[in-house]
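First comes the structure, then the notes that go with it.
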Amino acid sequence: MATPVAGPARWLLLLLASAAGLALGAQALHAGRDDPTDVRGRAAVADAGTQQPGANGLLGHGTGPTADPAPDRVGRSSAAIEGQAAGAATPDGGLPARLEIPALGVDMVVRPAGVTATGAMELPADPAVIGWYRYGPAPETPGSAVLAGHVDSRRYGVGPLARLSAITAGERIRVVLGSGSRRPYRVDSIERFDRQALPDEVFARTGPERLRIVTCTGPYLEDAGGYLQNLVITALPDLVRSGR
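If you count by mature numbering (1 follows the signal peptide of the UniProt record, and there is no 0), then the sequence shown holds residues -31 to -1, 1 to 213, one letter each, in order.
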C-alpha cells in the first residue's frame, strides 16, 4: 500500500486517463484564454500512456472518444512517497465536503483522494465528484489545498469541470467543510501549463493558504496521448467575507 507524500510534491503527474482503451472526456480551451503563463517546474499533468479523449470545440459536446476512467490519478513519477497525511490532524469538520463556484453553476461533492501503489493520486471516476489530495493541506491551513478531477467520462458524461476554463479572476469560490461552514475564496490566477511542466509549488505544503483546482485542458491529440495542457485555478481566502 502506498504511503503519502511528506514534502512538496515533485514530479507530480495528473493522470486524467485510464488503462488502454479507456479515456476521459472533452474539454476545449476557453476563447481568449489560450496562453499558458508561468510555465515552469518538472511535474506534469498528463495521461499514463493511455488515451484521454476530448473534443476540440465547444465545451460539453463530448465528440471525443470518452470512456469511464479506471483508475485515474494524480501522482509522482519520481522520488519516494513517504510520511503521514497532512490532513490527518484536521478534524472531520474541517475537511472539504463540497466545491461551489456560483458563477459557473458548479456544485460538486468533494471526496478525499489517496494514492495508489504506484504513488499516484486516485481521482473519483465520476466527473461530478472532485478529489481532495488528503496527503496535502486542508482548507483553512497553510499551504495549497488541492482539488483535482475529471472533465467527463463515457459512463457519466460531461462533468462540471468542463466549465472551469470559463472562470475569470476575482470570481468567488466556496468550499463547504464537513462542519457545514463555508470557506470563501476568490480566484487569483488562471494558468495553463504544458502537461510536462506542472510546477511543484501547485502542491506546496507551506506558505499562505491557497486553494488549487486542477483539471486537464487544451487541444486533445490522440496521437500525442491526450490533452496537451493542464488548467490550474489558484484562489486565495476572501478574508472580507470570512470576517477575518
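Just so you know, even glycine gets a beta-carbon here, dropped at the ideal spot from N, CA and C.
In the three-state DSSP reduction, Gly100 falls in the strand class (E or B).
Bridge pairing for Ile136: absent [DSSP].
Counting the other CB atoms within 10 Å of its CB gives Glu191 a total below 16, which places it among the exposed residues. In the three-state scheme derived from DSSP, where H, G and I count as helix and E and B as strand, Glu109 is classed as coil.
Ranking Ser150, Glu178, Gln198, Gly149 by CA distance to the CA of Ile159 puts Gln198 first. Sorting Tyr196, Val156, Ser150 by C-alpha distance to the C-alpha of Ala72 places Val156 at the top. With contacts defined by Cβ atoms closer than 7 Å, Pro108 and Ala117 do not form a contacting pair. For Tyr125, there is no enclosing beta strand (DSSP E), as DSSP gives it neither H nor E. By the CB criterion at 7 Å, Ala97 and Val145 fall outside the cutoff. By the Cβ-count criterion, Leu133 is buried, with 16 or more other Cβ atoms from all chains shown falling within 10 Å of its own Cβ. The Cβ-Cβ distance between Leu200 and Thr186 falls below 7 Å.
For Asp76, same chain residues with a beta-carbon under 7 Å away, outside a window of 5 residues either side, are Arg67, Glu69 in chain order.
When DSSP states are grouped into helix, strand and coil, Val120 belongs to the coil group. Measuring C-alpha to C-alpha distances from Gly63 to each of Gly83, Met90, Arg103 identifies Arg103 as the nearest. The C-beta of Ser148 has fewer than 16 other C-beta atoms within 10 Å across all chains shown, which makes the residue exposed. Taking the Cβ atoms as the reference, Gly112 lies roughly 4 Å from Arg174, within the contact range of under 8 Å. About 15 Å separates the Cβ atoms of Thr203 and Leu130, ruling out a contact at the 8 Å cut-off. Residue environment for Gly100: buried (at least 16 other C-beta atoms within 10 angstroms of its C-beta). It is roughly 11 Å from the alpha-carbon of Arg181 to the alpha-carbon of Gly105. In this structure, the CA atom of Arg151 is about 24 Å from the CA atom of Asp95.
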